[in-house]
Amino acid sequence: MAVQNPQNPQKRYPWDQSPVPRTQLRLTHADRDAVADVLREAYSQGQLDDDEFGERLDQAMRAKVSSELVPLTEDLGVQVSPGGTGSTPSVSHQNGGRTQGEGKGSAGPTTDNPVEKVAAAAGHLSVFYMPFLTPLLLLIVSGDLSPYLRRQAMEALNFQLFCFIGAIVSGLLFWLVVPILALIGIAVGWFVMPIIATVASMMGRSWKYPLVYRIIKDD
0 MAVQNPQNPQ
10 KRYPWDQSPV
20 PRTQLRLTHA
30 DRDAVADVLR
40 EAYSQGQLDD
50 DEFGERLDQA
60 MRAKVSSELV
70 PLTEDLGVQV
80 SPGGTGSTPS
90 VSHQNGGRTQ
100 GEGKGSAGPT
110 TDNPVEKVAA
120 AAGHLSVFYM
130 PFLTPLLLLI
140 VSGDLSPYLR
150 RQAMEALNFQ
160 LFCFIGAIVS
170 GLLFWLVVPI
180 LALIGIAVGW
190 FVMPIIATVA
200 SMMGRSWKYP
210 LVYRIIKDD
């Protein structure tokens, strides 16, 4: 039997469309990770404070069935449709009554496709052998064929552009203390962050570089 809101008997959750009682399906790691990504994004945007974020994240990691995830994201304007059967969960955001799969606040697409994983990893690792050009080519080639590869190529390209421009500006202002510290931070991030991004890509997860201003954005 589908779970219904007693004040609105017609309201059905996205995973109530199947005749199988989906609220009783056991969650997968992918289901919990999808909600965790949404909560982290909401925390970074200021929708959740420290206590709320910690409590909801703990509940998400402890959840056993899909119905336990519903109250964790409802007030964030997010609908999470857990797969419950090992399939990749769907995350969508409500904006003015319209549902959109990606955009600001989105956890981003994930993938189980090994080709997409390797290509995305290559885009992040290109910082060591062919920066700028490799993620740009991946961004052009992916188009609408692979939302996951497009997002990761865009992240890699924005990260490399941000570090390059930041290094130039810091170098020009080398006589100040703050730019020197920024230059050191950029150098460390240039070598460390792409490795972390590569690992995330090989796992098929959506990676988002922290503290990066994104020059290139989705339409």
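Using numbering that gives the first Met the number 0, the first residue of the sequence shown is number 0, and each one after it goes up by one.
Backbone N, C-alpha and C fix where the C-beta goes; we use that ideal spot for every residue, glycine too.
As the structure is a prediction and not an experimental result, all values here were calculated from the model.
Asked                                                                                                  : Found
Local conformation of Gly100 per DSSP, three classes                                                   : Note that Gly100 has pLDDT 37, beneath the 50 cutoff, so the model's placement of it is unreliable and the number below is only indicative. In this structure, Gly100 counts as coil in the three-state DSSP scheme.
Paired residues, beta bridge with Arg25 - DSSP                                                         : Val64
Coarse secondary structure for Asn112, derived from DSSP in three states                               : coil
Span separating the alpha-carbon of Arg21 from that of Asn157                                          : Confidence in Arg21 is poor, its pLDDT being 48 and thus under 50, which makes the residue's placement unreliable; the coordinate value appears in the next sentence. Roughly 39 angstroms separates the two Cα atoms.
For Tyr208 and Asp49, the rounded distance between their alpha carbons                                 : 21 angstroms
Rounded separation between Ser190 and Leu160 - CA only                                                 : Here the sequence assigns Phe to residue 190, which means Ser is not the residue at that position. Each residue's alpha carbon lies about 14 angstroms from the other.
Rounded C-alpha distance that separates Glu142 from Leu175                                             : The displayed chain sequence assigns Gly, not Glu, to residue 142. Each residue's alpha carbon lies about 42 angstroms from the other.
Close beta carbons around Phe131, own chain, < 6 angstroms, minus the five adjacent residues each side : Gln159
Start and end residues, alpha helix (DSSP H) containing Arg150                                         : Pro146 to Leu171
Reference Leu138; option with closest CA among Tyr128, Ala33 and Ala118                                : Ala118
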